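K.L.:
Residue numbers (the UniProt record's numbering): 1 to 550. Where is the CB? At the ideal position from N, CA and C, for every residue including glycine. Fair warning: this is a prediction, and the values are worked out from it, not measured in the lab.
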Ligand code: OOB
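(1) Locate the alpha helix (DSSP H) running through residue 120, then write down its first and last residues.
(2) Answer yes if the region 199 to 208 comes into contact with the region 115 to 132, meaning at least three C-beta pairs across the two stretches below 8 angstroms, and no otherwise.
(3) Given a cut-off of 8 angstroms on the beta-carbon distance, is the pair residue 171 and residue 165 in contact?
(4) Along the chain, which unbroken stretches of the alpha helix (DSSP H) at least 4 residues long are found entirely within the region 282 to 349?
(5) What are the residues that DSSP puts in a beta bridge with residue 412?
(6) Count the other CB atoms, across all protein chains shown, that sit within 10 Å of the CB of residue 425; report buried if there are 16 or more and exposed otherwise.
(7) Who are residue 87's beta bridge partners in DSSP?
(8) Thinking just about the alpha-carbon of each residue, which of 394, 339, 499 is nearest to the one in residue 431?
(9) Taking residue 117 as the reference, give the member of 198, 429, 259 with the closest Cα.
(10) Residue 140 by DSSP, collapsed to three states: which one?
(11) Considering only the beta carbon of each residue, do residue 423 and residue 411 sit closer than 8 angstroms?
(12) Between residue 265 and chain B, is the shortest Cβ-Cβ distance under 8 angstroms, so that the two count as touching?
(13) Quick one: does the C-beta of residue 337 sit closer than 7 angstroms to a heavy atom of ligand 1?
(14) At what residues does the beta strand (DSSP E) containing residue 261 begin and finish?
(15) Looking at residue 86 and residue 131, is the spacing between their C-beta atoms short of 8 angstroms?
(16) Based on Cα-Cα distance, which residue from 63, 394, 69, 239 lies nearest to residue 373?
(17) Kindly indicate which residue of 184, 150, 347, 498 has the alpha-carbon position closest to the one of residue 461.
(18) With DSSP collapsed to three states, give me the class of residue 614.
(19) Per DSSP, what kind of secondary structure is residue 435 in: helix, strand or coil?
(20) Does the Cβ-Cβ distance between residue 96 and residue 177 come in under 8 angstroms?
(21) For residue 207, which of helix, strand or coil comes out of DSSP?
(22) Which same chain residues end up closer than 6 angstroms to residue 484 when comparing Cβ atoms and leaving out the 5 residues on each side of it in sequence?
(23) Terminal residues of the continuous alpha helix (DSSP H) containing residue 500?
(24) Could you name the residues that DSSP lists as bridge partners for residue 488?
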């Protein structure tokens with residue numbers, strides 16, 4: 001029996017206007033390729049080449065495809081039906097790739113959650129996506145996800161199917177899945193939604209990002225050319241595999257498309273990654289800025305041979321020029337800045353760009369058809385070189401979030417541009433320099449945290465009268481979160497408030513790094529000021545205070 005909701009299955013197509021579809025096809029961006037289509041072809045062409053390395057597993061392309069078909073047939077045999085959404089919450093293990101590709105093969109739609117997400121977030125994804133399945137590992141980084149699965153089924157009973165990598169207990173084991181492979185469906189419509197990605201959640205809760213086969217495959221095929229990925233490359237996934245950056249910029253999907261080798265690092269730090277780089281002769285890796293600095297320092301002292309590394313990509317948050325110099329000096333290979341977003345647009349510095357471009361800009365768009373506007377608060381273009389809001393549309397940028405009218409009204413213009421929320425400067429040649437953002441989120445080492453979402457959780461505490469969460473510069477993380485709180489009655493301890501947020505079933509990275517109690521928030525003479533202004537004011541006050549001599 002399938003999900004009762006699948007009777008009212010949503011039209012899982014991302015709709016670009018016909019004229020754009022025609023244009024993107026004519027330009028050769030959208031070629032009608034699909035995930036199962038290219039994976040099957042690679043399994044034939046590169047059958048005995050190693051595709052995926054992780055833990056004790058080493059799968060060739062032929063073996064990966066065999067796993068994909070087995071798991072795909074198993075999902076359908078368990079009663080899932082093409083079109084059903086399935087939440088995938090797996091760490092950097094080979095099964096992440098096998099399960100995601102198996103879902104594509106069975107025309108099921110993965111919804112990617114990060115391993116750090118907890119019940120509140122996962123339940124939100126399940127409701128928003130109307131998911132009927134959930135795939136987890138028995139445990140990852142010490143956390144038992146079967147417990148989370150039980151909580152999820154209690155909160156969202158429509159999630160009728162739970163699959164577990166490892167000891168499944170009362171659930172279904174991924175390794176035991178079997179089904180009739182001959183009954184697997186044909187390849188999907190290339191313009192259908194292949195998966196739902198999670199947004200960084202700049203306002204409130206995360207939104208779901210529908211990406212199609214055609215648009216996503218274009219983004220990593222084109223990325224391969226700009227990142228130097230070919231069949232001889234060895235690409236390491238050091239960041240969580242569910243992030244768009246290590247997934248598609250060029251990511252493990254780009255590497256598989258090229259017939260290259262994917263190496264999954266169990267953790268992002270040098271301890272986990274360096275021995276694997278040496279053993280597998282890794283050529284390319286993507287990092288967030290704090291990690292890149294950590295790697296650069298560790299590289300000076302390591303005994304592991306890192307000489308295979310050709311390209312280190314840094315993105316997800318701003319890499320300031322001084323840090324960029326340290327990364328280049330420490331790792332001694334080509335730096336590539338990557339400024340991207342799960343909604344689409346990705347910018348790269350080119351591998352042969354001059355040093356000043358590589359050190360001082362966040363690159364330029366992948367596609368000649370990425371349309372970029374830099375506008376003032378009223379939507380009017382600003383002169384080249386001036387800072388403005390970045391809006392974009394193009395052959396791999398979504399036209400709307402899944403199932404979220406209100407967010408779409410805010411985040412997209414009438415003519416289909418996505419409002420990125422980033423403030424940028426555009427230089428000659430189309431290079432962008434990220435100068436900040438217009439929305440109130442905290443970019444904590446590449447993890448995006450919505451101020452609003454955390455304020456809501458703080459306000460639910462009986463001893464919190466009001467709360468404002470702001471980003472504070474942090475030497476290591478880039479930014480950290482600080483919650484300004486007005487207590488109601490007796491002032492709670494900061495640690496108790498942090499524990500409260502964690503206890504609300506949220507990812508640990510969302511717990512405020514710092515809690516500061518204040519007596520009141522400033523308001524203007526005319527009355528209540530906007531949350532945005534309030535947050536900006538608190539940030540300024542905090543920074544002025546921090547800078548003042550003791
Ligand atoms: C990547 O994707 P998301 O969806 O987690 O976050 C997107 C946001 C951007 O709008 C921007 O605010 C920030 O992250 N960002 C950067 C940046 N790269 C991303 N800000 C400054 N400099 C950079 N280089 O973070 C993402 C997706 C694909 C590739 C790379 C990163």
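P.N.:
Inspection of the coordinates gives the following:
(1) Taking the first residue of the chain shown as 1, we reach residue 120 at position 120. Per DSSP, residue 120 belongs to the alpha helix (DSSP H) from 119 to 129.
(2) yes
(3) By 1-based counting over the chain shown, the position of residue 171 is 171. By 1-based counting over the chain shown, the position of residue 165 is 165. Cβ distance not < 8 angstroms, so residue 171 and residue 165 don't count as in contact.
(4) 289 to 301, 321 to 331
(5) The sequence position of residue 412 within the chain shown is 412, counting from 1. DSSP lists 418 as partners of residue 412.
(6) Working through the chain shown from its first residue, we reach residue 425 at position 425. Buried is the call here.
(7) If you number the chain shown from 1, residue 87 lands on position 87. In the DSSP output, where bridge partners are listed per residue, residue 87 has 111, 134.
(8) The count along the chain shown starts at 1 and reaches residue 431 at position 431. It is 339.
(9) As a first step, residue 117 is located in the chain shown; it is residue number 117 there, counting from the start. Among 198, 429, 259, the Cα nearest to that of residue 117 belongs to 198.
(10) Counting from one through the chain shown, the residue named residue 140 turns up at place 140. Residue 140: strand per DSSP, three-state reduction.
(11) Within the chain shown, numbered from 1, the residue matching residue 423 stands at position 423. Within the chain shown, numbered from 1, the residue matching residue 411 stands at position 411. No, the Cβ-Cβ distance between residue 423 and residue 411 is not below 8 angstroms.
(12) Reference to chain B is not applicable here, since this structure consists of a single protein chain.
(13) Residue 337 sits at position 337 when you count from the first residue of the chain shown. Checking the Cβ of residue 337 against ligand 1 gives yes.
(14) Residue numbering aside, residue 261 sits at position 261 when the chain shown is read from its first letter. Looking at the DSSP string, the run of the beta strand (DSSP E) that includes residue 261 is 261 to 264.
(15) The count along the chain shown starts at 1 and reaches residue 131 at position 131. The count along the chain shown starts at 1 and reaches residue 86 at position 86. Result yes, Cβ atoms of residue 131 and residue 86 sit closer than 8 angstroms.
(16) As a working note, residue 373 is residue 373 in the chain shown. Answer by Cα proximity: 394.
(17) Here residue 461 is taken as the residue at index 461 of the chain shown, counted from 1. Residue 461 has its Cα closest to that of 498, out of 184, 150, 347, 498.
(18) The question about residue 614 has no answer, for the chain in this structure spans 1 to 550.
(19) Against the chain shown, residue 435 aligns to sequence position 435. If DSSP states are grouped into helix, strand and coil, residue 435 belongs with the strands.
(20) The count along the chain shown starts at 1 and reaches residue 96 at position 96. The count along the chain shown starts at 1 and reaches residue 177 at position 177. Not a contact, by the Cβ cut-off of 8 angstroms.
(21) Taking the first residue of the chain shown as 1, we reach residue 207 at position 207. Correct three-state label for residue 207: coil.
(22) By one-based count along the chain shown, residue 484 stands at place 484. Closer than 6 angstroms at Cβ, skipping near neighbours: 468, 516, 518, 538.
(23) Here residue 500 refers to the residue found at position 500 when the chain shown is read from its first residue. Residue 500 -> alpha helix (DSSP H) spans 494 to 503.
(24) On the chain shown, residue 488 is found 488 positions in, with the first residue counted as 1. None, per the DSSP bridge assignment.
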